[in-house]
């Protein structure tokens, strides 16, 4: 991978004395005063409130976003939310189809470009008049992608599944404000998930050939996508029996689910006249199969005459000798106790199984707590979780269930006003720091070329070796995180991670800390400095960027702010834009003490120097890195 | 409450085992009871050990690395009309190995002309060869393979999947932990709370290094990544305000934790780089300027030295370390002879041989050769038959274990415990059959019984990666029950747990 590290050369000598006075100032941000009598829904009442909200509801607020949310015509939080609920969804497949139509070979890089288009918003590369603005929907889809995980680290998906993964992501986008049961079903039948967790081609047991159904999806749909490992109260706390947590299922339960989740395969396995189920695997499917739901194979014409039709039924519905009869699925005291009677079809049995999962009382707290963790804070109070889980349950049959849930999450007092400041908030993920930086600093794509079958001369194709495409787990030029790129189905971090030290001692969860190992931290910090911050949109194009170009921020948008004698205006603007007004006096003075030293004696680009270094110090600071 | 590492590992392994379809038999395996173990590991002062995995990406052709030297066997392999005439190595240039007993077949073997150093180590008793080792679910014969329904590792012959299998064992499409990571997880108590990394990779972030609770530390071949603040002219530098912002005093617990994490990253990198610099082995690694493997192994040697000397601030207390180094270019579909190395033109086998010998010699110079064991690994071996001038992806391959503790100068293998089959010479012996796989019986199956049947010579391993790793883990000091946790597949399906090479 090309690493075009560009260091900003500094000119001029400067002598500076670092002020010790900063250290004496408070590390606490100014308190946010809330004295509005109209309640949360009529807010925000300050720019800081607005910025805090947008930090939770978008990929990072821009100055313009803050202005818009504060504008009376918008109608406060509710008005903004309604705008977002109505905004047309951005679909990765639209971008993928466009790239394919250009004649390019579609790959994972293009999927990442498509993701950035949704995350950054702005003009569409194909039709610049179309402005992508569905920030909240995209933000929720991203949160869902960290729960309902697939990843291009899977060999098949990585090599062949770019479109399939885009199609999968669009399922999350389409259902981000929809119904979780519907979401679960569409995810279950998506080919990318079928490949990732082995439901694709899963077949009923056959003892004569020592074949047993694969348990991967049966396990993960329970453990990770719906109910988790232990029984929960509605407020997300664990139920205890004799002081011990209560498991939600046993190994037998998973085995039974595995038997139910059989009989589904690629659409094109359905070649009439031949039994292609067993031999039909990814290299032999048609490319478009990746963007079509899996189909059930129950009765295929026999390859050999004379054998019974029922021999070719690959779904375990309890009627063959090796099938599991009257499968015991999850029993939570419901009518029927979760027993799936024999004699169903693949589709009817799937419906039963998904309903069985969805109706489990764990789903609401298990999913809602994670959505709160992804958007607002790592350690929601049980009362907060319960308020949101109640909304989830009250809307179980509603096609706008998640819309109500998301609104409940964002408008809850704990989200709007914070809680005990000491343990509140969440560590920002590297990918979200990047999207914030790019959105807030007017990043665009430049230096791309239309050459050799590539069409990268386009401001809104978010591509490039050092920037957009290097976001993954590469050692020397990455930030260890890219969309749908986790090493395992457990995402980049687990919801229950306790960072060693003070947080672990106090029982404070910090999922995002799990990603920030010693080496990842150093690497990410250096990558931000060397690439994301130091590249500039207006620089002459580096030949090494050709032909794909790079995504670069626009420092010049802030020259006026940076160009004063002292850096107050710059620091205050960045406090507003990046830190929702919560920069402590200590941090503010520390920054000023340093940035004020940078002046025209440093050279013609001294304003860019100030901006670069302000961005670096802020984006790597503990106060910024904890979104609160 | 401190998490129970063993329980955590069991959960992640079982989550993995529940997954892969070919593990249908293992899916029956009962979830292990999560027991709290009373014993932690504690080794006497001075009892330091390091495992060093040398991974050859691409799939090394073991069958041209360890080759028959006995004339008749040599001819059968390389002569016109033989098994792989296009890959013939001049017999006069081979480096004979001084054993005919342990290969089991009465054939004397030799190493590739590019590997005199490794041959010397073998003949000197400091290196062993583990024959025909590869990924297996359970012992597998040709007949079993041909049923079409026998449990096999998923995605055979696929680079990424097989490399992941080698490193994570048991494998899934997405390995949760590597066996290097699991070993580190279980034995970390031996390090007396040392904060310096015990699990270190020097060239990328590989599955081997993923522990359930121990974080693999990623560094590059010569140094750990330190924060780069760039250059400021005279006076104030970025690091000053940066340090101020990461000093204590934050009013939020997450902020404090982040600041601590950042400072720890910096200090770890500083400690590691100080450890690397504490001793200079460059005299033993003359190829370091051109060989990344040399650079990586030199750094590993320096870290081993620093850990053992225990006199680098912050790098103390380590009694067990696991390292992962790697090198590529082994996917020799074409030009194999040139890529491996020919007279006058060194190739990847030259580099491998020299690097391994350099590593050993460096440790001898400080008396630590018994403390570290390097072992090779690769995605797979290659086909015994050749294509035009190379080989295709195979399965089983030969690997080397190097170190003072190794019971060297011998071949080890047949971990599957097959009985010898007189109908096919060499089957059931340590070394696999060199019968031409491309000869068939009346049913159309290869006469070479190590061949899976189709005759391409992608020989079925007769020793599993699990057994290879378990033997190393035993030397490393893990208990048998913990070895079962690291290699549950072996616990379930193989009776031989220790190949005896160390």
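Chains as they are written, first to last, in the working numbering: chain A, 301 to 928; chain B, 100 to 601.
Every residue gets a Cβ at the ideal spot worked out from N, C-alpha and C, and that includes glycine.
Just tell me which of the options has its CA closest to the CA of residue i.
| i | options | result |
| --- | --- | --- |
| residue 261 of chain B | B:155, B:569, B:445 and B:402 | B:155 |
| residue 636 of chain A | A:656, A:643 and A:355 | A:656 |
| residue 322 of chain B | B:194, B:396, B:537 and B:287 | B:396 |
| residue 506 of chain A | B:249, B:440 and B:253 | B:249 |
| residue 783 of chain A | A:823, A:565, A:472 and A:829 | A:472 |
| residue 171 of chain B | B:142, B:205, B:151 and B:145 | B:205 |
| residue 662 of chain A | A:532, A:692 and A:427 | A:532 |
| residue 424 of chain B | B:308, B:168 and B:499 | B:308 |
| residue 287 of chain A | A:704, A:644, A:643 and A:715 | Given a span of 301 to 928 for chain A in the structure shown, any question on residue 287 of chain A remains unanswerable. |
| residue 441 of chain B | B:296, B:140, B:163 and B:153 | B:163 |
| residue 464 of chain A | A:452, A:474 and A:475 | A:452 |
| residue 198 of chain B | B:158, B:573, B:167 and B:180 | B:167 |
Would a C-beta distance cut-off of 9 Å place residue i and residue j closer than the cut-off?
| i | j | result |
| --- | --- | --- |
| residue 430 of chain B | residue 258 of chain B | yes |
| residue 513 of chain A | residue 529 of chain A | no |
| residue 525 of chain A | residue 275 of chain B | no |
| residue 353 of chain B | residue 727 of chain A | yes |
| residue 763 of chain A | residue 413 of chain A | yes |
| residue 451 of chain B | residue 217 of chain B | yes |
| residue 209 of chain B | residue 196 of chain B | yes |
| residue 697 of chain A | residue 854 of chain A | no |
| residue 350 of chain B | residue 443 of chain A | no |
| residue 911 of chain A | residue 878 of chain A | no |
| residue 635 of chain B | residue 511 of chain B | Residue numbering for chain B in the displayed model covers 100 to 601; residue 635 of chain B lies beyond these limits and cannot be assessed. |
DSSP three-state call for residue i: helix, strand or coil?
| i | result |
| --- | --- |
| residue 580 of chain A | coil |
| residue 127 of chain B | Because residue 127 of chain B sits at a pLDDT of 20, beneath the cut-off of 50, its placement in the model cannot be relied upon, and the following sentence gives the value as read from the coordinates. Reduced to three states, the DSSP call for residue 127 of chain B is coil. |
| residue 545 of chain B | strand |
| residue 298 of chain B | strand |
| residue 569 of chain A | helix |
| residue 813 of chain A | helix |
| residue 425 of chain B | strand |
| residue 744 of chain A | strand |
| residue 696 of chain A | coil |
| residue 383 of chain A | helix |
| residue 859 of chain A | helix |
| residue 209 of chain B | strand |
| residue 254 of chain B | coil |
| residue 501 of chain A | coil |
| residue 669 of chain A | helix |
| residue 473 of chain B | strand |
| residue 150 of chain B | strand |
From the beta carbon of residue i, is the nearest beta carbon of chain D less than 9 Å away?
| i | result |
| --- | --- |
| residue 425 of chain B | No chain D is part of this structure, whose protein chains are labelled A and B. |
Between residue i and the rest of its own chain, which residues show a CB-CB distance below 8 Å, the 5 nearest in sequence each way excluded?
| i | result |
| --- | --- |
| residue 560 of chain A | 518, 616, 627, 629, 640, 649, 650, 652 and 653 |
| residue 488 of chain B | 185, 186, 433, 434, 435 and 436 |
| residue 583 of chain B | 589 and 590 |
Which residues in the same chain have their Cβ closer than 6 Å to the Cβ of residue i, if we skip the five residues on either side of it in sequence?
| i | result |
| --- | --- |
| residue 401 of chain A | none |
| residue 338 of chain B | 328 |
| residue 436 of chain A | 357 and 384 |
Could you name the residues of the same chain whose beta carbon sits closer than 7 Å to that of residue i, not counting the 5 residues immediately before and after it, in chain order?
| i | result |
| --- | --- |
| residue 536 of chain B | 483, 484, 545, 547, 550, 554, 555 and 556 |
| residue 824 of chain A | 730, 779 and 780 |
Quiz item: When you check each C-beta in the stretch 334-360 of chain B against every C-beta of chain A, which residues fall closer than 7 Å?
Solution: Within the stretch 334-360 of chain B, the residues whose Cβ lies closer than 7 Å to some Cβ of chain A are 334, 335, 337, 339, 340, 341, 343, 344, 345, 348, 349, 350, 351, 352, 353, 354, 355, 356, 357, 358, 359 and 360, listed in chain order.
Quiz item: Taking a cut of 9 Å between CB atoms, which residues from the stretch 475-495 of chain A lie near chain B?
Solution: Within the stretch 475-495 of chain A, the residues whose Cβ lies closer than 9 Å to some Cβ of chain B are 495, listed in chain order.
Practice problem: Check each residue of the stretch 874-890 of chain A: if its Cβ is closer than 8 Å to any Cβ of chain B, include it; give the result in chain order. | Solution: Going along the stretch 874-890 of chain A in chain order, one finds 884, 886, 887 and 890 with a Cβ nearer than 8 Å to chain B.
Exercise. Please name the residues in the stretch 246-258 of chain B whose beta-carbon is closer than 9 Å to at least one beta-carbon of chain A, in chain order.
Key: Residues passing the 9 Å Cβ filter: 246, 247, 248, 249, 250, 254, 257 and 258.
Quiz item: Name the residues in the stretch 802-821 of chain A whose C-beta lies less than 8 Å from a C-beta of chain B; which are they?
Solution: Of all residues in the stretch 802-821 of chain A, only 802, 803, 806, 808, 810, 813, 816, 817, 818, 819, 820 and 821 place a beta-carbon less than 8 Å from a beta-carbon of chain B.
Quiz item: Taking a cut of 7 Å between CB atoms, which residues from the stretch 367-386 of chain B lie near chain A?
Solution: Cβ contacts with chain A come from 367 and 368.
Quiz item: Quick one, which residues of the stretch 913-928 of chain A are near chain B if we go by CB-CB under 8 Å, in chain order?
Solution: Under the 8 Å Cβ criterion, the stretch 913-928 of chain A contributes 913, 916, 917, 920, 921, 922, 923, 925, 926 and 928.
Quiz item: For the stretch 547-568 of chain A, which residues have a CB atom closer than 9 Å to at least one CB atom of chain B, in sequence order?
Solution: The stretch 547-568 of chain A vs chain B, Cβ under 9 Å: 550, 551, 554, 555 and 558.
Exercise. Mind checking the stretch 156-184 of chain B against chain A and listing, in chain order, the residues whose C-beta falls within less than 8 Å of any C-beta there?
Key: Using a CB distance below 8 Å, no part of the stretch 156-184 of chain B faces chain A.
Exercise. Could you please tell me which residues of the stretch 822-849 of chain A, in chain order, have their CB closer than 8 Å to any CB of chain B?
Key: Residues passing the 8 Å Cβ filter: 822, 823, 825, 826, 829 and 830.
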